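For reference, the structure is listed below as structure tokens.
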Amino acid sequence: MTDSFLKKILCEGLYNCIQLNLRFQTANDSQNGQECNIPLDSSSTITILKSCTYYSYDLQIQGKSLNITNGAILTVETNAHINLNGKMNINASSTVLIGLTLFLNFNSELLLIENSRVETSKSTFLYGNSSTKCLSTSQFISKGNIIISENATLNMKDMSILNSSSFVEFKDNSKITFEGSSKSTSLNNTNIYDNSLLNMTDVSSLVSALSVDFFGYSQTYLGGQSHVETSDNMNIHEYATLSLSAFSKLNTSKNIEIFKNSKLTIQDGGKAVSGNDMNIYGNATVTLRGSSFLLSSSKLFVYGNASVTFEDESNAISLNNMFFQGKSEFIMKDFSTLVSSSQINFIENATVSLYGHSKVVADGNINMYNDVYFNMYDYSEMSGKSQMSIGGNTIRVVMSDHSVIKVRDNTLSLMKYLDMKDTSEVNVNVFTFTSNGVLNMSGTNTNLNVPKIIANQFQCDSGEIRISVDTLIRVNDALQLDGCKLLVAERSIRDFP
């Protein structure tokens, strides 16, 4: 690079472009449209007060500062390079228009404040430890891609806007902050990956027309009612970590996919909303606490060694079927709720534990079969409006500590093993057994704390009932024990009218 900082500037009159510490030298100072050559030494700064056009060569800012102010418009017809500690400051409703691509790298800085704007006709690359700040309703607009990488930082504040007509990528240890109602929009995909950090607060938003992907050890934090929204799928995978708090929100019109060792934590009123299915699998971990929500407009799947935990009045709602299967683990605590408008299926090596007044509620069937381990403690409750089935292979359902199963309008069909301890209760319309059904009523009786079954009909034509403690089975209409094996250890059987 020569000693000249800005070459071939077409000015609308001499005083439209003013440089600090140097004076323009032109053939005719009064002529509008005069081409100006501005020689600057390495420590020089130029300030543009009115509109200028820079053309013919790429604009190079290396180790120098360029200030655009007073509503001026700087037009660069080719590329703009800000590098080697270069600085560009745009303020006071000023604008920089770049005909091709903007490159910001090697510890350079770009500052937009006071309703200023940068617009590129092609792509934008912010990388190499560069720093970009957009403040006070400023706008950063690219008609091509926006790629932020290699330890670059981007800070968006005070209702500023980042806008891409193509895709947006945050990668390679980049650090991005959105706050104060700032916003990112993309007409294509948005990707956050490769150890990048995204922090969003204060009603800020990230909106993508196509998919949003969090992956590759990236970390994302949403708080203060901020939200991420897409009209396509949202994917959280490959060791990505995503945390929502303070009523922040994930919202997609299609699927949410959480997989490949990723972690999603939602707390303090945060929400994840899927317009279609929600899939959690592949060693993924999802934790909800503090009145947070998962909402699937279609099906919810948890499988493939995934782990899901609800705490502190958290909720999951599905408008279709739910499936917990494939060595997945599901834990509910502290008044949390799982609700399905259709069926809930606990199948194929799933492990389920309910604690502390938590509830599982289904408008359709609740099915538990094929090697499921289901444990209910401490006033937890499972209820359905349709049929409930317990059966298949080595399934075991264990109830204790005032836990309750309710199927008031339909049938509980016991095809495998139900263990009722202490103060647990089953309240159903019809209780039926198959040949492999085993009901075990046990525990440590204290006063009137006994396991209870309340049914309109109790039908044990086959199967087995084992009673080893004081037990109450109340049948309102019909009791059938034909072919049922009844094992009673030192108990008396009484019929109370």
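Heads up, the sequence shown stops at 498 in the numbering used here, and the numbers go up one at a time, no gaps.
Think of the CB as a built atom: it goes at the ideal place given N, C-alpha and C, for glycine as much as any other residue.
Remember, it's a predicted structure, so these values are computed and weren't measured experimentally.
Cut-off 6 Å between Cβ atoms - residues of its own chain near residue i, not counting five sequence neighbours on either side
i: ASN38; result: Here ASN38 scores only 39 on pLDDT, less than 50, and its place in the model should not be relied on; the value that follows carries that caveat. Nothing listed; no residue qualifies.
i: LEU112; result: ASN90, LYS134
i: SER384; result: VAL362, LYS407
i: LEU67; result: ILE47, MET89
i: VAL431; result: THR412, GLN458
i: VAL476; result: ALA456, PHE459
i: PHE336; result: GLU314, HIS358
i: PHE141; result: VAL119, CYS135, LEU163
i: LEU211; result: ASN189, ASN190, ASP233
i: GLY365; result: SER343, GLN344, SER387
i: TYR380; result: HIS358, HIS403
Span separating the alpha-carbon of residue i from that of residue j
i: GLU426; j: LYS250; result: 38 Å
i: SER43; j: SER109; result: Per-residue confidence for SER43 stands at a pLDDT of 48, beneath the threshold of 50, marking its modelled position as unreliable; the derived number appears in the next sentence. Approximately 15 Å between the Cα atoms of the pair.
i: SER143; j: THR242; result: 28 Å
i: GLU36; j: GLN226; result: In this prediction, GLU36 has a pLDDT of 37, which is less than 50 and means its spatial position is unreliable; what the coordinates show is noted afterwards. Whole-angstrom Cα-Cα distance: 51 Å.
i: ALA285; j: LEU98; result: 44 Å
i: ASN428; j: SER401; result: 15 Å
i: VAL405; j: GLU382; result: 5 Å
i: GLU120; j: ALA81; result: 11 Å
i: SER52; j: ASN174; result: 37 Å
i: LEU480; j: ILE474; result: 10 Å
i: LEU199; j: ILE114; result: 21 Å
i: SER124; j: LEU103; result: 7 Å
i: ASN33; j: SER219; result: Unreliable placement is indicated for ASN33, whose pLDDT of 33 sits below 50; no coordinate value is reported for it.
i: PHE246; j: GLY270; result: Looking at the sequence shown, residue 246 is not Phe but Ser. Going by the C-alpha atoms only, they are around 7 Å apart.
i: VAL501; j: SER209; result: Because residue 501 is not part of the residues shown, which for the chain are 2 to 498, the question remains open.
i: LEU41; j: THR154; result: Any reading at LEU41 must be qualified, since the residue scores a pLDDT of 43, below 50, and its modelled position is unreliable; no value is offered.
Closest residue to residue i among the options (Cα-Cα distance)
i: LEU85; options: GLY64, THR54, TYR222, ASP420; result: GLY64
i: ILE318; options: LYS272, ALA307, ASN284, SER308; result: LYS272
i: ALA307; options: ILE69, SER205, MET279; result: MET279
i: THR79; options: ASN71, GLY100, ILE62; result: GLY100
i: GLU151; options: ASP159, ASN196, VAL373, ASN262; result: ASN196
i: GLY129; options: ASN368, VAL470, LEU105; result: LEU105
i: HIS238; options: ASP420, ASN92, TYR282; result: TYR282
i: ASN262; options: ARG290, SER297, PHE215; result: PHE215
i: SER354; options: THR338, TYR370, GLU330; result: GLU330
i: LEU50; options: TYR222, GLU180, SER95, TYR58; result: SER95
i: ASN71; options: ALA93, PHE248, ARG409; result: ALA93
Paired residues, beta bridge with residue i - DSSP
i: SER165; result: SER143, SER187
i: ASP214; result: ASN192, ASN236
i: TYR370; result: ILE348, GLY392
i: HIS403; result: Partner(s): none; HIS403 has no beta bridge.
i: SER244; result: TYR222, THR266
i: ASN106; result: BP columns for ASN106 are empty, so no partner.
i: ASP420; result: VAL399, ASN441
i: ALA363; result: SER341, GLY385
i: ASN252; result: GLU230, VAL274
i: LEU320; result: Answer by DSSP bridge pairing: none, since LEU320 is not bridged.
i: LEU85; result: Per DSSP, none; premise fails for LEU85.
i: LEU199; result: ILE177, THR221
i: LEU482; result: Paired residues: none, contrary to the question.
Cutoff 8 Å; reference residue i; Cβ partners in own chain excluding five residues on either side
i: LYS486; result: GLY464, GLU465, ILE466
i: THR435; result: GLY392, SER414, LEU415, MET416, SER463, GLY464
Below-8 Å beta-carbon distance, residue i vs any chain C residue
i: THR286; result: Absence of chain C from the displayed structure is noted, only one protein chain being present.
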